[in-house]
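When the count follows my numbering, it moves up by one through the sequence shown with no breaks and lands on 173 for the last residue.
Beta carbons: idealized from backbone N, C-alpha and C, even for Gly.
Since the structure is predicted, the reported quantities are computational estimates derived from the model, not experimental observations.
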Amino acid sequence: MAYQLEENFSDLPWLIWAKALEHLQPVLYLREGTICLGPLDLARLKALLTTGEDLFETDPLVFGSEAHYLARRLDNYAHEAVNALQEVEANPGLYGEAVYNLLTSLVGGNSIVTQVLFTTEPDRSHERYNNPSLVESQPGSSTINARVADLARTRWRIQYPKIPHLLEPKNG
Numbered sequence: 002m003a004y005q006l007e008e009n010f011s012d013l014p015w016l017i018w019a020k021a022l023e024h025l026q027p028v029l030y031l032r033e034g035t036i037c038l039g040p041l042d043l044a045r046l047k048a049l050l051t052t053g054e055d056l057f058e059t060d061p062l063v064f065g066s067e068a069h070y071l072a073r074r075l076d077n078y079a080h081e082a083v084n085a086l087q088e089v090e091a092n093p094g095l096y097g098e099a100v101y102n103l104l105t106s107l108v109g110g111n112s113i114v115t116q117v118l119f120t121t122e123p124d125r126s127h128e129r130y131n132n133p134s135l136v137e138s139q140p141g142s143s144t145i146n147a148r149v150a151d152l153a154r155t156r157w158r159i160q161y162p163k164i165p166h167l168l169e170p171k172n173g
């Protein structure tokens, strides 16, 4: 963990590290003999060490049960959309523009949803947001965004087969 942050925080005393980790209480993972943090906890730790503020520390009264309910629903919809993305990728010309727009909007993820869930579910480990092996299947991840970009290119080729030169990368 210190190795990942060494460039910016190599001169920090261990007591500051200990206090930051005690405050955040992140989920730790052991990967190939190295203790790691998930991406969200790593971002929170960097923010705490840099600014002294926790990214997701908010007044718990700000978000009521209705906000939690809506965030949980939107999070579930986004994960269902990630599952549906595979079906659309298998038959990209089969689905219309409205389905494509709905799907790509949901798989983009939502940082407000993440913040509300972190605030309203403090006892959860947030496994799917921090586990490095699960992060890339999350809405808004770079892998999901790359799949959406590939799908857009495929749909373009289907809709406009006579002008594929616009999609190909320029060589040279």
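By the 10 Å Cβ neighbour count, where 16 or more other Cβ atoms means buried, how is residue i classified, buried or exposed?
i, result
"ARG32", "exposed"
"ASP42", "buried"
"GLN160", "exposed"
"GLN139", "buried"
"SER126", "Because SER126 carries a pLDDT of 49, less than 50, the predicted location of this residue cannot be relied on, and the following value inherits that uncertainty. When all chains shown are included, SER126 counts as exposed."
"VAL100", "exposed"
"ASP76", "buried"
"LEU86", "buried"
"GLY110", "buried"
"PRO14", "exposed"
"PRO162", "exposed"
"LEU16", "exposed"
"LEU46", "buried"
Spatial neighbours of residue i within its chain, please: C-beta separation below 8 Å, excluding the five flanking residues on both sides.
i, result
"ARG73", "LEU118"
For residue i, which residues from the same chain have a beta carbon less than 7 Å from its beta carbon, with the 5 sequence-adjacent residues on both sides left out?
i, result
"PRO93", "LEU152, THR155, ARG156, ILE159"
"LEU22", "none"
"TYR96", "VAL89"
"HIS80", "PRO140"
So, at 6 Å on beta carbons, what are the nonlocal neighbours of residue i in its own chain, with the 5 sequence-adjacent residues on each side left out?
i, result
"THR121", "PHE64, HIS69"
"LEU29", "ILE36"
"ALA82", "LEU104, LEU107, VAL108"
"THR144", "GLU137"
"TRP18", "none"
"GLU90", "LEU152"
"PRO27", "LEU38, ASP42"
Of the choices the options, whose alpha-carbon is the least far from that of residue i?
i, options, result
"LEU25", "LEU13, ASP12, LEU50", "LEU50"
"GLY39", "THR144, ALA150, ALA147, LEU135", "LEU135"
"TRP67", "GLU137, VAL114, ALA150", "Going by the sequence as given, residue 67 is Glu instead of Trp. Looking at the Cα atoms, VAL114 is the closest of the given residues."
"LEU71", "ALA150, GLN116, ALA44", "GLN116"
"TYR78", "ALA147, GLY34, LEU16, GLY141", "GLY141"
"ASN102", "VAL149, THR52, HIS80, ASN84", "VAL149"
Would you say the beta carbon of residue i comes nearer than 6 Å to a heavy atom of the ligand ATP?
i, result
"THR144", "You won't find the ligand ATP in this model; it holds no ligand whatsoever."
Which runs of the alpha helix (DSSP H) at least 4 residues long sit entirely within the stretch 4-52? Give them in chain order. 15-25, 40-52
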